[in-house]
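Asker: Chains D and C are the protein sequences, given in the same order. Using my numbering, read the first sequence as starting at 137 and increasing by one per residue. Using my numbering, read the second sequence as starting at 2 and increasing by one per residue. The structure follows.
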Amino acid sequence: MKRIVVVDDEHPIVEGLRYLLRAPDRDIVVTYSGDEALKAIHEQVPDLLITDVMMPHMSGLEVIATLRAASATKHLPIIILTAKGRAQDTAAAQDAWGATVMAKPFQPAKLRNLVDQLLSETPVAV
Amino acid sequence: MTEVSRTAPAILQFARKEGTKDVFSGKRAYARYHIGVSTELTTDPANPEASWPVVTHNVSGAGVGLWSTERLAAGTAVHVRDITEDSTPTWLPGHVQHCSMGIRGYLLGICYDFPAEPDPVEEPVCDESDAPKRPSLQSKLRITRSNTITAQTRHIVGGAASALTAYIVSHQITGQMPSPGYFILLALLSTLVGALVGYLFGCLYARVERRHLRALRQMIRDVSEGRTAHPPATIAATRDLAALYSSLRDLGARLRLRKEDERLQRQKLEDITQVKSNILAIVSHDMRTPLTSILLYAQMLLDEQGDFDTAECRGFLEIIHSECTRLARLVDDLLEVQRLESDRASWDIQTHDLTETVRSCVSVFEAMANSKDITLRVDCQPDLPPIEADADKLSQVLSNLVSNALKYTEPDGTVEVAVHLQGDDFILSVADSGPGIERDQWDQIFDRFTQIRDLNTSDIAGVGLGLYIVRKIVERHGGCIWLNSEVGQGSEFIVSIPKVRPPDSKPSRLPAFVGRKVVVCDSDPELAAMVSLVLRRNGLEVRTAHSANRLMTHLDHGDVDLVITDVLLPDASGAELLERLMSTTRKNYRVIVHSYDGDADTLGAKGIDVFLRRPVSQDDLIAAVQKALGKRSDEGHNIVTLQDGVIDMERLHSYFVVRGHTPMLAESLEEAAQLVQEYAIDCVILPETALDHEWSELSSPPFSLNAHTRVVVACEFVGQPQQELAGATGATTVTFHHGQELTLVEAAVAPGASVPQECAL
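Here it is in structure tokens:
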């Protein structure tokens, strides 16, 4: 059972992602803030995190920084969905955070394929 | 140049050639380039394992911004190495100024630690064209001579002298009229003698002319480099030379004027560009968010319509619909903001009944309130007098507030709209039982474009530009709006609008300080709003804060001239707050403490400029602001100028302000005298007319200029009577023509003696 944690302060987007990525072998956990996401991840380390950047109180990047600092989540696959930023930042974010950046608005099919790809690459968590 | 500082210019040069320009990403102080040059960073240059690759983001004269995967605390000593050099690269020492998070990793600002420049070798005292020496007797004679004899006369005199010499000599030698043979010889001899005499005369004048040429060359150099061009202290040799000096000086002044104007224009342009880029950033983000949802749900409906049941499909379509509405409203708001900002909005000010407007506006929302099970109440004070305002715009304000309230209130909550009269103002309030708004966001919520934002955390999503528009409308009516809220309990938006709209063109009571930036900090939002209103009506730019943290954020980001604060704030003790205010490294703002109790002396000792005891009247407030802003700053001078028809006061004041001085405008000589008495004034600039009958008033009490105050009188022509008067009173007279405000600036702030100086003519 693959676990995906999704975080974005915009409710329609998070709900939409839940519908978009649903599959019988996936458990999608929806959260609406950085704190909630970290709590959910702390409960059980997921196989993938999908996060927004601009959120009140704790930005997506802070969440990622916290996760990368912990050994359990150091190599967690992450997808960043952001309404700001340009194409140049995509490769750079890959190097800096080990995350893939998708600009909003994204092509839903592309996101779905990316998620499939990332999940199939993850070794079974020990 | 030392080896260490050689690499930094090399990076800069590389950046200029290879970097891509990104106008919106750089801050003003940095070169606006994304560079992408790979360099290496280490905290321990001795350990080869301890370095990691970083990417250059931008370069400035003193340091570099780098993208790093590792985080470093501010103040950490680091070394940077440029790995594109072919020769052995050296580590450049520096330290971390700041570290912030970005999409490409951590953005580190590194400041280079250049070694101190070696002391410049003492140059020998240079030639006479620099310092004017006291004229010796010889040079006085030379000058007298040069004043009376022109170049042509020189030659004639020389020639005549040689001919005469020749005749006398020949007569002595021969005792009679010379024979042709001797004559030719003597002619040759006399030519030689004449040439010699002419040459000697020529040498004498050439020295004088050479000195003037040197002075002229120096002046031209000064003018081309934008410095003040000074003619030499000695009076010019000829009228032509004197005219040349004055033309060069005028040229210099004109060039500097143009440079000043260009600098002001550039500043204005940069400010506008910054605001525009803020708008674009916010807009692009606010538009992309609803577009994401629309695209997502539309795609799912198109691809997998069969997988969803009717209810789910309907839900998706509803979301698409509401997000589209949100986008539409954003576009409308943007246009409205544009109209309000450019003052093109048409205002239809009529006297009408406020109760009617409120009731009809709120009735529109009854259906929405019912569908959410929210109780919507209207409480209008009976027998309200009519209000002078634009009814449509007021409806817009109310609609905005009520729709927000309804949006954020849970079902079973309440939204209450109340209107009552308080003195000369109408108080309109919209209260909800929603989640409440944090104190630190109370001022941000009304000000979306020009406000500071932490670029990675968003403010309240979905509020849109509505509150900014509301604020603009309220302020245009001469009122103010503030917010009171308790997180978890609800929020109350309160608008105060005067019964009668104040006239637009009321002159400011603080004319010298129009445009200055003030931050008003108080835990009571109503008081902060009232103080802000008074200051705004007098032409100052005001921001508010309601906590110590928010106040410090304003100070960190902005160009603040004055802080008016209470000491009792919810997140800092009085002593803590004062310490933080006084200890910031770049403290160039004045502080007024506005509190119930406190001791002016102890506060003054800590560095507070003025203490205002509550409750305070409008007059006291304005006087305090005048006093605080008028205080002598460490760098700048306080200058009083007297209103006059010829001098362009606005331009003169802006020249002073740009140089860090504080100009103050006085409407009359009495007012100028008062200002001189109250503050430590460095200079008073008077128009020529002041030299007339009122001059005697200036040198006697209560004007009593102290020894340190310069008086500069701007005259169109500095003639005998002006000079005499100036000499008697110790004032400096400056020749002034329209458009030459810069000469007044220089005369005012130039360090120097108070003896009358005049420009050579």
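For every residue, glycine included, the Cβ atom is placed at its ideal position computed from N, Cα and C.
Tell me whether D:A245 is buried or exposed, calling it buried when 16 or more other Cβ atoms sit within 10 Å of its Cβ.
Answerer: As a working mapping, residue 245 of chain D is identified with position 109 in the first sequence. Exposed.
Asker: Going by alpha carbons, who is nearest to C:I565 out of C:D557, C:V519, C:R537, C:D600?
Answerer: As a first step, residue 565 of chain C must be located in the second sequence, where it is residue number 564. Per the Cα distances, C:V519.
Asker: Is D:K210 close to chain C? Criterion is C-beta to C-beta, closer than 8 angstroms.
Answerer: Here the question's residue 210 of chain D lines up with position 74 in the first sequence. Taking Cβ atoms only, chain C never reaches closer than 8 angstroms to D:K210, which makes this a no.
Asker: Quick one: does D:Y155 have its CB under 8 angstroms from some CB of chain E?
Answerer: Chain labels in this structure do not include chain E; the protein chains are D and C.
Asker: Taking Cβ positions only, does D:T167 come closer than 8 angstroms to chain C?
Answerer: Within the first sequence, numbered from 1, the residue matching residue 167 of chain D stands at position 31. Chain C contact via Cβ: absent.
Asker: Would you mind telling me which residues of chain C sit closer than 8 angstroms to D:D231, beta carbon to beta carbon, in chain order?
Answerer: Against the first sequence, residue 231 of chain D aligns to sequence position 95. Going along chain C in sequence order, the residues near D:D231 (Cβ under 8 angstroms) are T70, R105, G106.
Asker: What are the residues in the stretch 241-254 of chain D lying within 8 angstroms of chain C by C-beta distance?
Answerer: For the stretch 241-254 of chain D, which is checked against every Cβ of chain C, the residues closer than 8 angstroms are P241, F242, Q243, P244, A245.
Asker: With DSSP collapsed to three states, give me the class of C:I482.
Answerer: For the purposes of this step, residue 482 of chain C is taken as the residue at position 481 of the second sequence. C:I482: strand per DSSP, three-state reduction.
Asker: For D:V150, which residues of its own chain have a beta-carbon under 8 angstroms away from its beta-carbon, when the five flanking residues on both sides are left out?
Answerer: Position 14 of the first sequence, counted from the start, is the residue given in the question as residue 150 of chain D. Only V142, V143, D144, V166, T167, Y168 meet the Cβ criterion.
Asker: What number of angstroms, rounded off, separates the C-alpha of C:R255 from the C-alpha of C:E717?
Answerer: The sequence position of residue 255 of chain C within the second sequence is 254, counting from 1. The sequence position of residue 717 of chain C within the second sequence is 716, counting from 1. Whole-angstrom Cα-Cα distance: 17 angstroms.
Asker: What did DSSP end up calling C:R544 once you bin it into helix, strand or coil?
Answerer: Within the second sequence, the letter at position 543 stands for residue 544 of chain C. Looking at C:R544 - three-state DSSP - the assignment turns out to be strand.
Asker: Taking the DSSP output, what are the residues bridged to C:S106?
Answerer: Position 105 of the second sequence holds residue 106 of chain C. Position check: residue 106 of chain C holds Gly in this sequence, whereas Ser was assumed. C:G103.
Asker: From the beta carbon of D:L124, is the nearest beta carbon of chain C less than 8 angstroms away?
Answerer: Examination of residue 124 of chain D is not possible in this model, given that chain D is present from 137 through 262 alone.
Asker: Please state whether DSSP places C:G64 in a helix, a strand or coil.
Answerer: As a first step, residue 64 of chain C is located in the second sequence; it is residue number 63 there, counting from the start. The answer is strand: DSSP assigns C:G64 an E or B state.
Asker: Check the Cβ of D:P148 against every Cβ in chain C and list those closer than 7 angstroms, keeping chain order.
Answerer: Along the first sequence, read from residue 1 onward, the residue named residue 148 of chain D stands at position 12. By Cβ distance, chain C contributes S294, I320, E324.
Asker: Can you give, in chain order, each stretch of the beta strand (DSSP E) that sits fully within the stretch 270-310 of chain C and has at least 3 residues?
Answerer: Qualifying beta strand (DSSP E) stretches: none in this window.
Asker: Roughly how far, in whole angstroms, is the beta-carbon of C:D304 from the beta-carbon of C:L466, given that I think they are within contact range, below 8 angstroms?
Answerer: Residue mapping note: residue 304 of chain C aligns to position 303 of the second sequence, counting from 1. Residue mapping note: residue 466 of chain C aligns to position 465 of the second sequence, counting from 1. The Cβ separation is near 35 angstroms, so there is no contact.
Asker: Would the stretch 472-488 of chain C count as touching the stretch 391-407 of chain C if we require 3 or more Cβ pairs under 8 angstroms?
Answerer: Touching, yes, given that three or more Cβ pairs across the two stretches are closer than 8 angstroms.
Asker: Expressed to the nearest angstrom, what Euclidean distance is found between the alpha-carbon atoms of D:T218 and D:I186?
Answerer: The residue labelled residue 218 of chain D in the question sits at position 82 within the first sequence. The residue labelled residue 186 of chain D in the question sits at position 50 within the first sequence. Distance between the alpha carbons of D:T218 and D:I186: 11 angstroms.
Asker: With a CB to CB cut of under 7 angstroms and the five nearest residues on each side skipped, what residues in its chain are close to C:G631?
Answerer: Numbered from its first residue, the second sequence carries residue 631 of chain C at position 630. Hits under 7 angstroms: N639, T663, M665, Y680.
Asker: To the nearest angstrom, how far is the alpha carbon of C:E672 from that of C:I623?
Answerer: Your numbering for residue 672 of chain C matches position 671 in the second sequence. Your numbering for residue 623 of chain C matches position 622 in the second sequence. Rounded to the nearest angstrom, the two C-alpha atoms are 16 angstroms apart.
Asker: Considering only residues of the stretch 572-628 of chain C, which uninterrupted beta strand (DSSP E) runs meet the minimum length of 3 residues and lie entirely inside it, listed in chain order?
Answerer: Whole beta strand (DSSP E) segments, 3+ residues: 591-596, 611-614.
Asker: Counting Cβ pairs, one atom from each stretch, are 3 or more of them under 8 angstroms apart for the stretch 351-366 of chain C and the stretch 398-412 of chain C?
Answerer: Result yes; three or more Cβ-Cβ pairs closer than 8 angstroms.
Asker: Using a beta-carbon distance below 8 angstroms, is C:L466 in contact with chain D?
Answerer: By one-based count along the second sequence, residue 466 of chain C stands at place 465. Chain D, which has no Cβ nearer than 8 angstroms to the Cβ of C:L466, makes this no.
Asker: Against chain C, with Cβ distances strictly below 8 angstroms, would D:A219 count as a contact?
Answerer: For the purposes of this step, residue 219 of chain D is identified with residue 83 of the first sequence, where counting begins at 1. Taking Cβ atoms only, chain C reaches closer than 8 angstroms to D:A219, which makes this a yes.
Asker: Tell me, to the nearest whole angstrom, how far the beta carbon of C:L653 is from that of C:L563; I am working on the premise that it is less than 8 angstroms.
Answerer: Counting from one through the second sequence, the residue named residue 653 of chain C turns up at place 652. Counting from one through the second sequence, the residue named residue 563 of chain C turns up at place 562. Wrong, their Cβ atoms sit about 22 angstroms apart, outside the cutoff.
Asker: Closest to C:L245 by CA distance: which of C:R218, C:H172, C:V496 is it?
Answerer: In the second sequence, the residue the question calls residue 245 of chain C occupies position 244. The residue with the shortest Cα to Cα distance from C:L245 is C:R218.
Asker: State yes or no: is the beta carbon of D:M190 nearer than 8 angstroms to at least one beta carbon in chain C?
Answerer: In the first sequence, counting from the first residue as 1, residue 190 of chain D sits at position 54. Yes, D:M190 counts as interfacial toward chain C.
Asker: Would you say D:V143 lies against chain C (beta-carbon separation less than 8 angstroms)?
Answerer: Working through the first sequence from its first residue, we reach residue 143 of chain D at position 7. Answer no: the Cβ-Cβ gap between D:V143 and chain C never drops below 8 angstroms.
Asker: At 4 residues or longer, and completely inside the stretch 378-454 of chain C: list those alpha helix (DSSP H) runs for me, N to C.
Answerer: You should have 392-409.
Asker: Bridge partners of C:R315, per DSSP?
Answerer: For the purposes of this step, residue 315 of chain C is taken as residue 314 along the second sequence, with counting starting at 1. Paired residues: none, contrary to the question.
Asker: Can you tell me whether C:N1 is buried or exposed? The criterion is at least 16 other CB atoms within 10 Å of its CB, across all chains shown.
Answerer: Given that chain C is displayed from residue 2 to residue 762, the structure contains no residue 1 of chain C and the question cannot be resolved.
Asker: Using the Cβ count rule (16 or more neighbours within 10 Å means buried), how would you classify C:C204?
Answerer: Walking along the second sequence from the start, residue 204 of chain C turns up at place 203. The residue in question, C:C204, is exposed, as its Cβ has fewer than 16 Cβ neighbours within 10 Å.
Asker: Rounded to the nearest angstrom, what separates C:P503 and C:L536 at their Cα positions?
Answerer: Within the second sequence, the letter at position 502 stands for residue 503 of chain C. Within the second sequence, the letter at position 535 stands for residue 536 of chain C. C:P503 and C:L536: Cα-Cα distance of roughly 14 angstroms.
Asker: According to DSSP, simplified to helix, strand and coil, what is C:R327?
Answerer: Looking up residue 327 of chain C in the second sequence gives position 326. Note: C:R327 maps to helix in three-state DSSP.
Asker: Would you mind reading off the limits of the alpha helix (DSSP H) that contains D:A176?
Answerer: Looking up residue 176 of chain D in the first sequence gives position 40. That run of the alpha helix (DSSP H) goes 170-179.
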